[in-house]
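Participant: Would you mind keeping the following structure in view while I ask a few things?
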Amino acid sequence: MGVKWTTDQQHAIECCKGSVLVSAAAGSGKTAVLVERVIRRLTDKNNPCSAEDLLIVTFTRAATAQMREKIGAAILKRLSEDPTDRHLRRQYMLLPFAKICTIDSFCNDLVRENFH
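FYI, numbering that gives the first Met the number 0 numbers position 76 of the sequence shown as 75, with every residue one higher than the one before it.
Set out below in structure tokens:
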């Protein structure tokens with residue numbers, strides 16, 4: 000049996016227009032929701048997203064590491080179900096290039112890359 004998402008969680012997972020902000024208390028399932036959203040975007044047959052185009056901003060380094068690890072594990076799980084999926088295999092290889100970082104790191108990169 001799959002995960003039973005709340006209405007708000009389901010909306011965050013399925014929303015296809017633009018970016019999504021997920022804000023909730025600790026232990027409420029934010030990471031699981033974001034991982035599911037990313038996996039669905041990467042595997043969308045009509046409009047797939049590439050892992051290298053992801054931007055996921057967290058508040059802590061621990062959350063950043065956990066997010067990257069869980070997305071990688073979810074991709075590997077899907078690959079174990081269909082080892083011939085070349086697109087998903089490529090996404091796993093591109094995952095290290097995804098921009099998954101803290102808000103501080105993102106802002107520092109933005110300033111460093113755009114201002115002198």
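By construction, the Cβ of each residue, glycine as well, lies at the ideal position given by its N, Cα and C atoms.
Contact defined as beta carbons within less than 8 Å: I believe Met66 pairs with Leu41. What is the distance between those atoms, to the nearest angstrom?
Facilitator: 14 Å between Cβ atoms; not a contact.
Participant: Closer than 8 Å by C-beta to Leu94: which residues in its own chain qualify, once you throw out the five before and the five after it? Chain order, please.
Facilitator: Ala50, Arg67, Ile70, Gly71, Ile74
Participant: Would you report the Cα separation of Ala64 and Asp52, rounded to the nearest angstrom?
Facilitator: Going from the Cα of Ala64 to the Cα of Asp52 covers about 18 Å.
Participant: Got a sec? Which residues, its chain only, sit under 8 Å from Leu78 by beta carbon, not counting five neighbours each side?
Facilitator: Cβ within range, chain order: Asp84, Leu87, Arg88, Tyr91.
Participant: Within its chain, find whatever has a CB closer than 8 Å to the CB of Thr30; leave out the 5 residues flanking it on each side and keep chain order.
Facilitator: Ala62, Gln65, Met66, Lys69
Participant: Would you list the residues sitting across from Cys100 in a DSSP beta bridge?
Facilitator: Val56
Participant: Just to confirm before moving on: does the CB-CB distance between Arg36 and Ile12 stay below 7 Å?
Facilitator: Going by C-beta atoms, Arg36 is nearer than 7 Å to Ile12.
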